[in-house]
Amino acid sequence: MTTIVTSPLAGRAVGLAAVPDPVFSQAMVGPGTAIDPVREPSEAVSPVDGVIVSLHPHAFVVVDDHGHGVLTHLGIDTVELHGDGFELLVNKGDTVTRGQAVVRWNPAAVEAAGKSPVCPIVALEATAEALSELRDDGEVKAGDSLFLVK
């Protein structure tokens, strides 16, 4: 089964190679893309229907019914902010729907704290060949398709 992964954020698709962290830019975590978010307070939404299996202020993973896990990482090195400026809107174990708000945050505040607000969106435990229709440039709105994973 193929899963459509949609953007959890509004901004500009920049691709993983543009992420200022080699773990993401070299796809060590998994294949995907990245969003350079609009610099305003916003809600990061679920990119798929599924269950929240991992939840931190700066990152979350949703696994869909087909076992596809999708990581949304809000900014780079944002774990160092210890949750400041992030508000969790769901709980680990919750079932969420695509487009449902998961974390409220402010990319401008992340940038002001000296961190990159660029957000990797990664298919966990997937190969690059499993992804298709990958968006790695252009403006995106929350809910726009980023890639398909099978």
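Quick note: to get this note's numbering, add 123 to the position in the sequence shown (first position is 1). No residue lacks a Cβ here, since even glycine has one placed at the ideal position from N, Cα and C.
**Request:** Using only alpha-carbon positions, find the residue among 237, 169 and 197 that is nearest to residue 220.
**Result:** Among 237, 169 and 197, the Cα nearest to that of residue 220 is on 169.
**Request:** Flag this pair as touching only if the segment 208-223 and the segment 245-255 have three or more C-beta atom pairs under 8 Å; answer yes or no.
**Result:** No, they do not touch.
**Message:** Using only CA atoms, which one of 188, 181, 145 and 270 lies nearest to residue 173?
**Reply:** Among 188, 181, 145 and 270, the Cα nearest to that of residue 173 is on 188.
**Unbroken beta strand (DSSP E) run spanning residue 186, endpoints** = 182-186
**Message:** Is the beta carbon of residue 243 closer than 7 Å to that of residue 142?
**Reply:** yes
**Asked** Alpha carbon to alpha carbon, what distance is there between residue 190 and residue 160?
**Response** When rounded, the distance between both Cα atoms is 27 Å.
**Message:** Just to confirm my understanding: we take residue 178, look at its own chain, exclude 5 residues before and 5 after, and list those with CB closer than 6 Å. What are they?
**Reply:** 215
**Request:** Work out the CA separation of residue 184 and residue 202 for me, nearest whole Å.
**Result:** 15 Å
**Prompt:** When you compare only the Cα positions, how much space is there between residue 264 and residue 125?
**Reply:** Going from the Cα of residue 264 to the Cα of residue 125 covers about 21 Å.
**Request:** Taking residue 251 and residue 272 to be in contact with their CB atoms under 8 Å, please state how far apart those CB atoms are, rounded to whole angstroms.
**Result:** About 11 Å; that fails the 8 Å criterion.
**Message:** Helix, strand or coil for residue 141? Go by DSSP, reduced to three states.
**Reply:** helix
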